[in-house]
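Right, one structure below, let's go through it.
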Amino acid sequence: MLLSGVINTREAMVCRPRIDPSILIHRDPRAWVELLGWKCVEAFLERVREVGVRDLQSLVDYSFGAPSTMWILLAGVEFEGECAPLWEDYVRQRRVGMGARTPFPRVEVGVELDVDIRISPAYLLLPFNDVKRNWQRNAPTLLKYIPEIPTAVDPHYYISMAFPPQLRDLAERGYVWVANIKSRGRRNHALAEWLYWLNTRRMPHIDIMLGRFEPRSSIDMIVAKDCGGASAGCRQNKRRLKCLHFAGV
Amino acid sequence: MREATNVEAVRRWLAERGAVWTERWGPPPQGIYALRDMHPPSHAEDACRQGLPLVYIAAVDRNGLYYIFGDVAWTPQLEKICKAVTFVVEAEPLRDGLNAIVKFVARTRHLPWVSFRPEVLRLAGICDEVRIECEPREVWKKMVEAAKSKIKNKTEAAGGGRTAEEAGGRSPEGPGEDGAKTANRLDYVGGVGDGGGKSTNGFDHVGGASGRILHAEVRRDHGDGGGGPGGGAWGGLDQAAVAAVLRAVERCLGREVVERLAACLYV
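Residue numbers (our numbering), protein chains in the order written: chain A, 1 to 249; chain B, 250 to 516.
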């Protein structure tokens with residue numbers, strides 16, 4: 001469990017994560033250890049030492065505050081296992097899935113909202129300038145309020161400031177409720193993810209995996225009760241089906 | 250472009266720093282270009298025809314990743330007409346190495362920090378030294394507006410006189426941009442956690458494509474407006490803090506920087 005004396009062998013740099021790269025914006029060191037493992041954490045630390053990061057907490061803070069630098073810093077780390085392709089895509093190809101990760105259950109809330117945010121907070125892992133067009137196409141509502149997403153400098157702080165308060169208020173009704181608001185025929189899973197991330201500094205799908213989802217209203221208890229707990233790893237689609245099944249929808 | 254081709258200046262600087270470097274005649278390696286907006290290759294043609302080389306500094310980290318500093322992104326089309334020289338410098342530790350090169354390039358090329366990729370600034374630790382330079386421009390605009398508002402209030406409190414701006418016929422709310430834009434900005438300057446409160450019926454605009462809840466009744470029976478880490482008063486910018494920041498900028502970087510900033514933001 002000690003982080004000192006990192007072994008510099010090639011083997012030590014191999015990392016076997018059980019979660020997708022969005023953990024890099026999940027500000028909970030416990031989750032990093034549980035889902036990445038110490039070997040992975042040590043491999044990451046070995047890389048970020050170059051920019052003055054010394055321990056797990058600082059690593060988590062640095063990553064949370066500068067997500068779009070992480071693909072640079074993690075270059076050279078080798079990944080194995082089920083989630084490896086997602087990490088390889090991120091670190092080597094600079095590719096991250098845009099959509100929401102969280103398997104919110106489907107319920108009818110009968111609300112329609114003219115809002116257009118289809119990008120998950122996980123997209124902060126890529127430099128804004130490189131994927132600006134995707135933001136413009138898929139999150140125009142957000143860009144209307146913060147035209148330049150500061151992906152390398154405390155995005156949480158600035159997006160919290162800029163995020164429309166009226167949208168933030170929707171979280172009071174529950175994240176599941178928000179996820180099921182319709183906009184142009186589709187549900188707002190990404191918006192619900194943003195609200196959860198802004199309120200907790202953590203990604204909801206990771207909290208669900210670890211049974212730490214923080215419900216905001218009674219409707220969120222569906223997630224807390226039926227979708228949490230078991231390890232889903234990177235098989236999100238299977239997990240989504242299971243979650244919907246248990247939600248009785 | 251002429252300034253960019255000063256090979257001797259780079260050599261001298263590297264020698265003064267005691268840096269470990271190699272000088273390679275040829276294009277830069279593959280890597281991350283450190284400048285945000287580089288000149289198109291066509292801009293280099295004049296210099297190349299005069300026989301001047303394009304100069305690149307390539308900082309290499311311990312993982313073999315290159316951070317390239319140069320004015321023109323190298324393309325195969327330049328190979329026929331341009332010579333290039335690349336100074337490969339070991340950047341170890343990465344932060345210190347990059348920091349020195351970023352500062353050298355910024356100084357010799359008279360580039361503001363904003364010319365560099367934010368990721369490179371962050372890795373180089375520039376954001377820790379002059380955090381303000383890494384902040385989103387929109388935030389800066391709001392800070393300047395808040396400072397202006399404070400000055401205006403002080404002026405009014407002191408004598409009830411008009412500010413220079415008002416005398417010039419400009420809006421006191423903003424730098425004279427279109428009304429809608431200004432209204433939007435002011436709408437969220439209030440910040441998260443201000444209790445919402447702009448609407449009582451729950452049908453107010455939220456900024457989507459048209460920005461409206463199309464149907465449904467949204468209850469707003471809470472008073473704290475958000476509750477999470479965004480709750481409280483910090484969403485609104487503290488005017489005293491803004492003034493303090495501006496004073497700090499002036500102290501650290503000089504009056505000229507504050508003026509340049511103001512000019513840049515069309516204040």
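Each residue gets a CB set at the ideal place from its N, CA and C atoms; glycine is no exception.
Looking at the DSSP output, A:E50 shares a beta bridge with no other residue. Out of A:R16, A:L167, A:S22 and A:V223, the CA that lies nearest to the CA of A:P121 is found in A:S22. Contact annotation: the stretch 308 to 315 of chain B touches the stretch 337 to 347 of chain B, with at least three C-beta pairs closer than 8 Å.
A:V96 and A:H26 have their alpha carbons spaced roughly 15 Å apart. For the 8 Å CB-CB criterion, A:P147 and A:D116 do not form a contact. Rounded to whole angstroms, the Cβ separation of B:L360 and B:V369 is 12 Å, and the two are not in contact under 8 Å.
Rounded to the nearest angstrom, the gap between the Cα atoms of A:A192 and A:S68 is 22 Å. When Cβ-Cβ separations below 8 Å define contact, B:I281 makes contact with chain A.
Around the C-beta of A:E172, 16 or more other C-beta atoms lie within 10 Å, and the residue is accordingly described as buried. In chain order, S68, T69, I72, P127 and A152 make up the part of chain A whose C-beta sits under 7 Å from the C-beta of B:E368. Of all residues in the stretch 298 to 326 of chain B, those with a C-beta nearer than 8 Å to a C-beta of chain A are D310, R311, N312, G313 and L314, reading in chain order. DSSP places A:V131 outside any alpha helix (DSSP H), giving it a letter other than H or E. At a Cβ-Cβ threshold of 8 Å, A:F64 and A:R201 count as neighbours. Closer than 7 Å at the C-beta level to chain B, one finds these residues of the stretch 41 to 56 of chain A: E50, V51 and G52. Distance between A:R216 and A:G174, taken at the CA atoms: about 5 Å.
Annotation for A:W71: the continuous alpha helix (DSSP H) segment containing it runs M70 to L73. From the beta-carbon of A:I146, the residues of chain B found nearer than 9 Å are P385, E387, V388 and Y437. Contact between B:R366 and B:R260 is ruled out by a C-beta separation of about 25 Å, above the 8 Å threshold. When beta bridges are read from the DSSP output, B:W274 appears opposite B:V334. In the DSSP assignment, the residues bridged to A:E78 are A:V14. For the C-beta of A:A190, not a single chain B residue is nearer than 9 Å; the gap to the nearest is close to 13 Å. Assignment of beta-bridge partners to B:I306 by DSSP yields B:F318 and B:F336. For the pair of segments examined, the stretch 71 to 83 of chain A was found not to touch the stretch 380 to 388 of chain B: the number of CB pairs separated by less than 8 Å stays below three. Put simply, the CB of B:L284 is far from chain A, with every gap to its CB atoms at 8 Å or more. Sequence-distant Cβ neighbours of A:L170 in its own chain, meaning closer than 6 Å and more than five residues away, are V178. Here A:S183 is bridged, per DSSP, to A:R186. Bounds of the alpha helix (DSSP H) holding B:E265 are V256 to R266. Residue A:F104 holds the alpha-carbon nearest to the alpha-carbon of A:M203 among A:F104, A:A84 and A:D130. Checking the DSSP bridge columns, you'll see B:Y282 partnered with B:I317. A:L125 and A:R187 have their alpha carbons spaced roughly 23 Å apart. The beta carbon of A:V109 lies closer than 7 Å to those of W177, N180 and I181 in the same chain, with the five residues before and after it left out. With respect to the 8 Å criterion, B:F336 and B:W270 are classified as neighbours on the basis of their beta carbons.
Within the same chain, and ignoring the five residues on either side of B:P290 in sequence, the residues whose Cβ sits closer than 7 Å to its Cβ are V321, T324, Q326 and L327. Around the beta-carbon of B:E405, fewer than 16 other beta-carbon atoms lie within 10 Å, marking it exposed. In the DSSP assignment, A:Y62 falls within the unbroken alpha helix (DSSP H) covering L56 to G65. The beta carbon of A:W135 sits closer than 8 Å to the beta carbons of I119, Y123, F128, L142, L143 and I149 from its chain, once the five residues preceding and following it are set aside; these are given in chain order.
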